[in-house]
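This report concerns only the one structure given below.
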Amino acid sequence: MSGNKDSGSNKELAATFTPAEIENRLYKKWEDAGYFKADSKSKKPPFTIVIPPPNVTGSLHIGHALDHTIQDLLTRMKRMKGFEALWLPGMDHAGIATQNVVEKQLAAVGKTRHDLGREAFIQKVWQWKEESGGAILDQMRRLGDSVDWDREAFTMDANLSKAVLTIFKRLYEKELIYRAERIINWCPRCLTAISDIEVDHKDDSGEFVSIKYGDDDVNITIATTRAETMLGDGAVAVNPNDERYKHLVGKKVLLPLVDRMIPIIADELVDPDFGTGAVKVTAAHDANDFEMGMRHGVELVIIMNEHGVMEGTGTKFDGMDRFDARKGVVEELRKLGRVVSEKRPYVHAVGHCQRCETTIEPRLSKQWFVKVAPLAKAAADAVRDGRVKIEPEEMSPRYFEWVDNMHDWCISRQLWWGHRIPVFYGPNGEVVVCGPDEQAPAGYTQDPDVLDTWFSSALWPFSTLGWPADTDDLKKFYPTSVLVTGYDILFFWVARMMMMGLFAMDGKQPFNVIALHGLVRDQFGKKMSKSRGNTVDPIEFMDKYGSDALRFTLARGANPGTDQALAEDWIAGSRNFATKLWNATRFAKLNGATVEGELAKRSDLNAIDNWILTRLDQVIASADELFENFEFAKACELIYHFTWDDLCDWYLELSKATFAGNDAAKSQRVLGEVLDQVLRLMHPVMPFITEELWCNLTGKESLMITDWPKSDLSSQDQKSVELVNMMQEIVTEVRRFRNDQGIKSTAKISAKFIGLDKVGLSDYEAIPSPYP
RNA sequence: GGACGAUUAGCGCAGCGGUAGCGUACUUCCUUGACAUGGAAGGGGUCACUGGUUCGAUCCCAGUAUCGUCCACCA
Numbered sequence: 110m111s112g113n114k115d116s117g118s119n120k121e122l123a124a125t126f127t128p129a130e131i132e133n134r135l136y137k138k139w140e141d142a143g144y145f146k147a148d149s150k151s152k153k154p155p156f157t158i159v160i161p162p163p164n165v166t167g168s169l170h171i172g173h174a175l176d177h178t179i180q181d182l183l184t185r186m187k188r189m190k191g192f193e194a195l196w197l198p199g200m201d202h203a204g205i206a207t208q209n210v211v212e213k214q215l216a217a218v219g220k221t222r223h224d225l226g227r228e229a230f231i232q233k234v235w236q237w238k239e240e241s242g243g244a245i246l247d248q249m250r251r252l253g254d255s256v257d258w259d260r261e262a263f264t265m266d267a268n269l270s271k272a273v274l275t276i277f278k279r280l281y282e283k284e285l286i287y288r289a290e291r292i293i294n295w296c297p298r299c300l301t302a303i304s305d306i307e308v309d310h311k312d313d314s315g316e317f318v319s320i321k322y323g324d325d326d327v328n329i330t331i332a333t334t335r336a337e338t339m340l341g342d343g344a345v346a347v348n349p350n351d352e353r354y355k356h357l358v359g360k361k362v363l364l365p366l367v368d369r370m371i372p373i374i375a376d377e378l379v380d381p382d383f384g385t386g387a388v389k390v391t392a393a394h395d396a397n398d399f400e401m402g403m404r405h406g407v408e409l410v411i412i413m414n415e416h417g418v419m420e421g422t423g424t425k426f427d428g429m430d431r432f433d434a435r436k437g438v439v440e441e442l443r444k445l446g447r448v449v450s451e452k453r454p455y456v457h458a459v460g461h462c463q464r465c466e467t468t469i470e471p472r473l474s475k476q477w478f479v480k481v482a483p484l485a486k487a488a489a490d491a492v493r494d495g496r497v498k499i500e501p502e503e504m505s506p507r508y509f510e511w512v513d514n515m516h517d518w519c520i521s522r523q524l525w526w527g528h529r530i531p532v533f534y535g536p537n538g539e540v541v542v543c544g545p546d547e548q549a550p551a552g553y554t555q556d557p558d559v560l561d562t563w564f565s566s567a568l569w570p571f572s573t574l575g576w577p578a579d580t581d582d583l584k585k586f587y588p589t590s591v592l593v594t595g596y597d598i599l600f601f602w603v604a605r606m607m608m609m610g611l612f613a614m615d616g617k618q619p620f621n622v623i624a625l626h627g628l629v630r631d632q633f634g635k636k637m638s639k640s641r642g643n644t645v646d647p648i649e650f651m652d653k654y655g656s657d658a659l660r661f662t663l664a665r666g667a668n669p670g671t672d673q674a675l676a677e678d679w680i681a682g683s684r685n686f687a688t689k690l691w692n693a694t695r696f697a698k699l700n701g702a703t704v705e706g707e708l709a710k711r712s713d714l715n716a717i718d719n720w721i722l723t724r725l726d727q728v729i730a731s732a733d734e735l736f737e738n739f740e741f742a743k744a745c746e747l748i749y750h751f752t753w754d755d756l757c758d759w760y761l762e763l764s765k766a767t768f769a770g771n772d773a774a775k776s777q778r779v780l781g782e783v784l785d786q787v788l789r790l791m792h793p794v795m796p797f798i799t800e801e802l803w804c805n806l807t808g809k810e811s812l813m814i815t816d817w818p819k820s821d822l823s824s825q826d827q828k829s830v831e832l833v834n835m836m837q838e839i840v841t842e843v844r845r846f847r848n849d850q851g852i853k854s855t856a857k858i859s860a861k862f863i864g865l866d867k868v869g870l871s872d873y874e875a876i877p878s879p880y881p
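Numbered per the working numbering, the first sequence finishes at 881, counting up by one with no gaps.
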């Protein structure tokens, strides 16, 4: 078959099924034929999915494979159902991640980005993107993703950048973007601010020390895990209702080591039951302290530079790394007898940079923020009032918990790779925000920072469709139909798209349904990670078992919103299923199955034919409903058992007698019909093998331009339904007979002998047997 | 600390008010004329624990334990 692109109906199927031989050929066939392309001028109803854009630095991992399988499944099904289906592909520029990759390359030759300068560095990143970025796009072809490649988007594309500038300006004009000096999460290694969601909290064991401030007259003992910050303390705070300290409030106390007098203040935020009930206030280096400090006018003392090195304390600790200083300060205080309680280990959550795992340093810094309260409220309302549905519904509390409690979003990053903030500062402190095609007055300089990557990906559902221009795509395909993604980025991304979509599109939601799936774990249910060494490579599995087998395995495990385990054995099982299907079709063809001509009336068909057609109708109806309700696991299970158990183990075996008889024509048409429909039904999950077999069986062009099977349960008469219910009895009869007689093959038992008469089906003509 | 979910055969999962199923693994038999990536016959579970509701609970309710994911400014 190699080299032959046409799989016509007259061609005999090879005895064995080799996925690699068909997959590349069929993908190319589909792509060349333009089946993936969506037309904004079409009269068909739209169905839209935008891909969660993978990082340009990324490659296909098993989680993508699941995510894509579901999206492709939905897209292919809707396409067959007569929708103008668009699955829009693309990538995210991934600010920090990408910049890190290129910086590492520079570091390998002993250079930093500063050696190149901003322009040259950005050019270098683009060059890297062209050469090695987007490996995942080719891997998507392997998987069979039916995406519209003509619409491939990248968050740094000119169009999408235009959207970023436009929305920035609009938000600024509505006072939803502002610049302020705040405590932000600072990564001393990446040298940039990062948002709350880019911080991973991990339990670290720290040292919780109690330190005595003051002298013989006024003294108070505080407890801290970050002793080095005491050098920048501006106050000590206690709870206003704490009887132990009431007499001290308002007084000043001596700060050891730096010999500064600092006030004792009272604030509700202090928990009297924690530690000593007194807390040091380092307003410039802690978010809580900053908040308290603002309320009480506490002095801001900056004691650390951007690298996390002590600076400006006027002590011998200047120039020391923050962690060394922590030890040093405690040691020094201990020498002075200031450490009241001995150190004890203490486990607490400490923030780490998501990219490089460096411990985050809260830092006082001037940054740009999005005021999220009004936007988040709109995002919450859209789900509350049912305009946007979350599937499965049990996930919505998580969504609400987040959008209802969201902090303002720090969007500026001290990086070079990304959308540069479109704000220009004049010589006298003027601030001008420039939209697309706007120019700042001469002599103004642009803010050096770039925007958080998530800022541009939040616009993805409409920026990819051409917004802010009023395009045909936007009119046709927005709001998108379904957003398919893992529940783990419900917060990272989904809520942000909701906020931006509702804001930019006059309250029109970016998608109607959020369909959440779980994570793929290893065969023991453990999370896959490189350090555990239990990661799997989807490409390897596709090479070995075929894309269809991987897709089927993932779809079959995809219960809504729950994680699934994956082991190589189950993929092999799916491959076996594909082989089964292959051989069933091969058998059908060898026995003259056909899709030509009218199906005989039910009353003219024998019992077995009636039974399988009735079952087929039932399965189509159920599978369709399950697919529509995102119950992919159950739909796959249903089709699997119908195909293997009902169709192959029983119908094919029993009808061997029929096909050998004189009156085979009606049954040949029935078998053709059943296979035709089953292949259609399975096409969204296993596109390659179904396409190959269906074209071979029918001699037609492609399953992709064929209608989705329809089920007409109303056409089922009472007798058909009874027959289905009786099949179990018939099966039992056959088995007993076969065992008693020592007959090895079901085919050798005539239907007459099966005992159709015995189970009261005399209305149906018994199948004549070729065997005596 | 909060939210949500899970706990059912060796492993991974369904299920559901009336004493349990699927895949895979395992045992035995079968080179049958689509398929040994197959067929047939089997073994294996006190459905986490403790109470409650009920004629009856794996399934409903409460609590306990363990695990998981996400969120979180207790220094």
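Beta carbons are placed, not taken as given, at the ideal position from N, Cα and C, and that holds for glycine.
Quick one, which of Ala-676, Ala-702, Lys-153, Arg-288 has its alpha-carbon nearest Phe-633's?
The residue given as residue 633 occupies position 524 in the first sequence. The candidate whose alpha carbon is nearest that of Phe-633 is Ala-676.
- Query: When burial is assigned at 16 or more other CB atoms within 10 Å of the CB, is Leu-699 buried or exposed?
  - Reply: For the purposes of this step, residue 699 is identified with residue 590 of the first sequence, where counting begins at 1. Label assigned to Leu-699: exposed.
inquiry  = Does the structure place the stretch 121-132 close enough to the stretch 156-174 that three or more beta carbon pairs sit under 8 Å?
reply    = Note that the stretch 156-174 does not touch the stretch 121-132; fewer than 3 beta-carbon pairs, one per stretch, sit closer than 8 Å.
Review point. Which of the three DSSP states, helix, strand or coil, is assigned to Leu-473?
Key: Reading the first sequence from its first residue, position 364 is the one you call residue 473. In the three-state DSSP reduction, Leu-473 falls in the strand class (E or B).
Can you tell me whether DSSP reads Leu-870 as helix, strand or coil?
-> Reading the first sequence from its first residue, position 761 is the one you call residue 870. For Leu-870, the predicted model reports a pLDDT of 49, less than 50, meaning its position is unreliable and no value from the coordinates is stated.
**OP:** Measure the alpha-carbon distance for Leu-663 versus Val-591 and round it to whole angstroms.
**Re:** On the first sequence, position 554 is the one that residue 663 refers to. On the first sequence, position 482 is the one that residue 591 refers to. Whole-angstrom Cα-Cα distance: 19 Å.
> So Ile-374 and Val-388 are in contact, right, with Cβ under 8 Å, and what is the actual spacing, rounded?
Replying inline: Residue mapping note: residue 374 aligns to position 265 of the first sequence, counting from 1. Residue mapping note: residue 388 aligns to position 279 of the first sequence, counting from 1. Not really, about 10 Å apart at Cβ, beyond 8 Å.
- request: With a 10 Å radius around its C-beta and 16 neighbouring C-beta atoms as the bar for buried, classify Phe-277 as buried or exposed.
  value: In the first sequence, the residue the question calls residue 277 occupies position 168. Buried.
Alpha carbon of Leu-747 to alpha carbon of Ala-667, nearest angstrom:
Within the first sequence, residue 747 is the residue found at index 638, counting from 1. Within the first sequence, residue 667 is the residue found at index 558, counting from 1. Taking the straight line from one Cα to the other gives about 14 Å.
**Asked** For the putative contact between Gln-463 and Val-308, defined by C-beta atoms under 8 Å, what is the C-beta separation to the nearest angstrom?
**Response** In the first sequence, counting from the first residue as 1, residue 463 sits at position 354. In the first sequence, counting from the first residue as 1, residue 308 sits at position 199. Rounded, the Cβ-Cβ distance is 7 Å, consistent with contact.
On the three-pair Cβ rule with 8 Å, is the stretch 340-350 touching the stretch 388-401? yes
Exposure label - Cys-804; buried when at least 16 CB within 10 Å: Your numbering for residue 804 matches position 695 in the first sequence. Result: buried.
query: What is the DSSP secondary structure of Phe-846, reduced to helix, strand or coil?
result: Position 737 of the first sequence, counted from the first residue, corresponds to residue 846. DSSP places Phe-846 in helix when its eight states are reduced to three.
Spatial distance of Pro-297 from Tyr-136 (CA atoms): Residue mapping note: residue 297 aligns to position 188 of the first sequence, counting from 1. Residue mapping note: residue 136 aligns to position 27 of the first sequence, counting from 1. A straight line joining the alpha-carbon of Pro-297 with that of Tyr-136 spans about 47 Å.
So, Ala-658 versus Arg-684, is the Cβ gap smaller than 8 Å? Against the first sequence, residue 658 aligns to sequence position 549. Against the first sequence, residue 684 aligns to sequence position 575. A contact, by the Cβ cut-off of 8 Å.
Check: Beta-carbon separation of Asp-556 and Ile-520 under 8 Å?
Finding: What you label residue 556 is simply residue 447 of the first sequence in a count that begins at 1. What you label residue 520 is simply residue 411 of the first sequence in a count that begins at 1. The answer is no: Cβ separation not under 8 Å.
query: Three-state secondary structure (DSSP) at Ser-111?
result: Residue numbering aside, residue 111 sits at position 2 when the first sequence is read from its first letter. With a pLDDT of 36 at Ser-111, under the threshold of 50, the modelled position of this residue cannot be trusted, and the question is left open.
Contact check, His-626 vs Arg-185 under 8 Å by CB: the rounded distance? Along the first sequence, one-based indexing puts residue 626 at 517. Along the first sequence, one-based indexing puts residue 185 at 76. With 8 Å as the limit, His-626 and Arg-185 do not qualify as a contact, their Cβ atoms being about 17 Å apart.
- When you compare only the Cα positions, how much space is there between Pro-550 and Glu-228? Reading the first sequence from its first residue, position 441 is the one you call residue 550. Reading the first sequence from its first residue, position 119 is the one you call residue 228. Taking the straight line joining both Cα atoms gives about 22 Å.
By how many angstroms is the C-alpha of Asn-209 removed from the C-alpha of Gly-226?
-> Residue mapping note: residue 226 aligns to position 117 of the first sequence, counting from 1. Residue mapping note: residue 209 aligns to position 100 of the first sequence, counting from 1. Spanning the two alpha carbons is a distance of roughly 16 Å.
- Could you name the residues of the same chain whose beta carbon sits closer than 8 Å to that of Phe-145, not counting the 5 residues immediately before and after it, in chain order? What you label residue 145 is simply residue 36 of the first sequence in a count that begins at 1. The residues are Trp-139, Trp-196, Ser-255, Val-256, Asp-257, Trp-258.
| query | What three-state label does DSSP hand Leu-378 in the structure shown? | reply | Looking up residue 378 in the first sequence gives position 269. It is coil, neither helix nor strand.
- Message: Quick test of your reading: Ile-231 and Trp-477, contact by CB under 8 Å. State the CB separation rounded to the nearest angstrom.
- Response: Here residue 231 refers to the residue found at position 122 of the first sequence. Here residue 477 refers to the residue found at position 368 of the first sequence. That pair is no contact at about 20 Å.
**Q.** Sequence-distant residues of its chain with Cβ nearer than 6 Å to Pro-154 (five each side left out)
**A.** Position 45 of the first sequence holds residue 154. Hits under 6 Å: Phe-192.
Practice prompt. Write down the C-beta distance between Val-794 and Thr-752 rounded to the nearest angstrom, noting that I regard them as a contact closer than 8 Å.
Written response: By one-based count along the first sequence, residue 794 stands at place 685. By one-based count along the first sequence, residue 752 stands at place 643. Here Val-794 is actually not in contact with Thr-752; their C-beta atoms are around 12 Å apart, not less than 8 Å.
**OP:** Tell me where the beta strand (DSSP E) around Glu-500 begins and ends.
**Re:** Here the question's residue 500 lines up with position 391 in the first sequence. Looking at the DSSP string, the run of the beta strand (DSSP E) that includes Glu-500 is 498-500.
Between the Cα of Arg-711 and those of Thr-688, Phe-650, Leu-832, spot the shortest distance and give me the residue it belongs to.
Indexing the first sequence from 1 puts residue 711 at position 602. Comparing Cα positions, the closest option is Leu-832.
Cα separation between Gly-595 and Leu-628? As a first step, residue 595 is located in the first sequence; it is residue number 486 there, counting from the start. As a first step, residue 628 is located in the first sequence; it is residue number 519 there, counting from the start. Going from the Cα of Gly-595 to the Cα of Leu-628 covers about 7 Å.
Check your understanding: Whole alpha helix (DSSP H) runs in the stretch 250-336 with 4 or more residues, listed along the chain?
Key -> 267-282
Taking the alpha-carbon of Lys-360 as reference, which of Gly-386, Gly-384, Val-327 has the nearest alpha-carbon? Reading the first sequence from its first residue, position 251 is the one you call residue 360. For the residues Gly-386, Gly-384, Val-327, the minimum Cα distance to Lys-360 belongs to Val-327.
- Applying the criterion that 16 or more other CB atoms from any shown protein chain within 10 Å of the CB defines a buried residue, is Pro-483 buried or exposed? Taking the first sequence and counting its residues from 1, the one referred to as residue 483 is at position 374. Pro-483 should be labelled exposed.
* Indicate the three-state DSSP secondary structure (helix, strand or coil) for Ile-411 in the structure shown. => Here residue 411 corresponds to residue number 302 of the first sequence, with the count starting at 1. Of the three classes helix, strand and coil, the one that applies to Ile-411 here is coil, per DSSP.
**Report entry** Cβ separation of Asp-733 and Ser-820, assumed to be a contact under 8 Å, to the nearest whole Å
**Finding:** Counting from one through the first sequence, the residue named residue 733 turns up at place 624. Counting from one through the first sequence, the residue named residue 820 turns up at place 711. Confirmed, about 7 Å.
What is the DSSP secondary structure of Phe-509, reduced to helix, strand or coil?
In the first sequence, residue 509 corresponds to position 400, counting from 1. Correct three-state label for Phe-509: helix.
**Study point:** Sub-8 Å separation of Asp-376 and Arg-335 beta-carbons
**Key:** Here residue 376 refers to the residue found at position 267 when the first sequence is read from its first residue. Here residue 335 refers to the residue found at position 226 when the first sequence is read from its first residue. Not in contact: Asp-376 and Arg-335 (Cβ atoms no closer than 8 Å).
On a CA-only basis, which of Ala-194, Val-273, Pro-161, Arg-660 is nearest Met-609? Give me that one, please.
-> Counting from 1 along the first sequence, the entry for residue 609 is found at position 500. Nearest C-alpha to Met-609: Val-273.
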